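See structure below.
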Amino acid sequence: MEGVGRKWGFGVRRSWWREVGTESCGGRLDGRMWFFRSQRGRPLCIVWRLSLKVCGFSMMEECELYFQICVPLPKAALKGNLKEVYNILRVHEEILNRSSLLRMAITKGHATILHVAAGARQTSFVEEMINSIQPSDYESTLLLQDNNRNTSFCFAAAVGDVEIAKIMHNKNPNLNLAAIRGNHDKTPLDMAVMFGQKEMATF
Numbered sequence: 001m002e003g004v005g006r007k008w009g010f011g012v013r014r015s016w017w018r019e020v021g022t023e024s025c026g027g028r029l030d031g032r033m034w035f036f037r038s039q040r041g042r043p044l045c046i047v048w049r050l051s052l053k054v055c056g057f058s059m060m061e062e063c064e065l066y067f068q069i070c071v072p073l074p075k076a077a078l079k080g081n082l083k084e085v086y087n088i089l090r091v092h093e094e095i096l097n098r099s100s101l102l103r104m105a106i107t108k109g110h111a112t113i114l115h116v117a118a119g120a121r122q123t124s125f126v127e128e129m130i131n132s133i134q135p136s137d138y139e140s141t142l143l144l145q146d147n148n149r150n151t152s153f154c155f156a157a158a159v160g161d162v163e164i165a166k167i168m169h170n171k172n173p174n175l176n177l178a179a180i181r182g183n184h185d186k187t188p189l190d191m192a193v194m195f196g197q198k199e200m201a202t203f
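The sequence shown begins at 1 in the UniProt record's numbering and counts up one residue at a time.
Structure follows, in structure tokens:
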């Protein structure tokens, strides 16, 4: 479907996910889709859950992978620790690559690594991650929304990080990230104004 993003994630609490379909994702992975729709009914986000049981993992192995991947990644994003991210990719190269990492939900609220890093104002970290995105994946990565419908661009607007906003915008201006509404139907501009981010509001 055109205009659809994909986000990867997994966790041990089944209540996080609503299964609406299953499709092979290549390799050893299988996915379940979660749809988010904008106020206009356009699907903006599909979340893929890594179905580890399909891959033959036991519940114990699934829990272990969760703690090895989804626990350290938010911490690495908050601190801008690229070394830790690359180490996780190296250790789990059989089930993760750079593309799937950027689209993977790493928090209960379905935030991606870009959401977390943008909110923490880790400009260099975000730039490195975004520069690794293939042109064909810009839309499916930058349009992803969390449970509150906020994109990573919304996070950048809320904290007033103009540099991160520029990096995201310049990757593909046609995406018009500033027009994607987030929580409570607010635009990134609304969020910048609400949090008193004057420089961001005039960006």
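Where is the CB? At the ideal position from N, CA and C, for every residue including glycine. Quick caveat: nothing in here was measured; it's all calculated off a predicted structure.
**Request:** Could you spell out where the alpha helix (DSSP H) holding CYS70 opens and where it closes?
**Result:** Careful: CYS70 lies outside any alpha helix (DSSP H) and carries neither H nor E.
**Request:** Can you grab the Cα-Cα spacing for the pair GLN134 / LEU142, in whole Å?
**Result:** 12 Å
**Item:** Proximity winner among ALA76, HIS169, MET194, relative to ALA117 (alpha-carbon distances)
**Value:** ALA76
**Prompt:** CB THR107 to CB PRO72, shorter than 8 Å?
**Reply:** no
**Asked** What residue from MET129, GLU94, PHE125, GLN145 has the CA that sits closest to ALA105's CA?
**Response** GLN145
**Request:** Select from MET168, MET191, TYR66, ILE69 the residue whose C-alpha is nearest the C-alpha of THR123.
**Result:** Ranking the options by Cα distance to THR123, first place goes to MET168.
**ALA105 (DSSP reduced to helix, strand or coil)** = The answer is strand: DSSP assigns ALA105 an E or B state.
**Asked** From LEU102 to ALA179, what does the alpha carbon distance come to, in whole angstroms?
**Response** 22 Å
**Message:** Would ALA120 and LEU78 qualify as a contact pair, given that the criterion is a beta-carbon distance under 8 Å?
**Reply:** At the C-beta level, ALA120 and LEU78 come within 8 Å of one another.
**Asked** Is ILE167 helix, strand or coil by DSSP?
**Response** helix
**Prompt:** Using the rule of at least 16 other Cβ atoms within 10 Å of the residue's Cβ for burial, across every protein chain shown, is ASP185 buried or exposed?
**Reply:** exposed
**Item:** Cα-Cα separation, ARG40 to TYR86
**Value:** Residue placement at ARG40 cannot be trusted, given a pLDDT of 46 that sits under 50; what the coordinates show is reported in the next sentence. If I take the Cα positions, the gap works out to 38 Å.
**Request:** In angstroms with no decimal places, state the Cα-to-Cα distance between ASN148 and ASN183.
**Result:** When rounded, the distance between both Cα atoms is 5 Å.
**Neighbour-count burial assignment, THR112, 16 or more Cβ in a 10 Å radius** = buried
**Request:** Kindly indicate which three-state DSSP category ASP161 falls into: helix, strand or coil?
**Result:** coil
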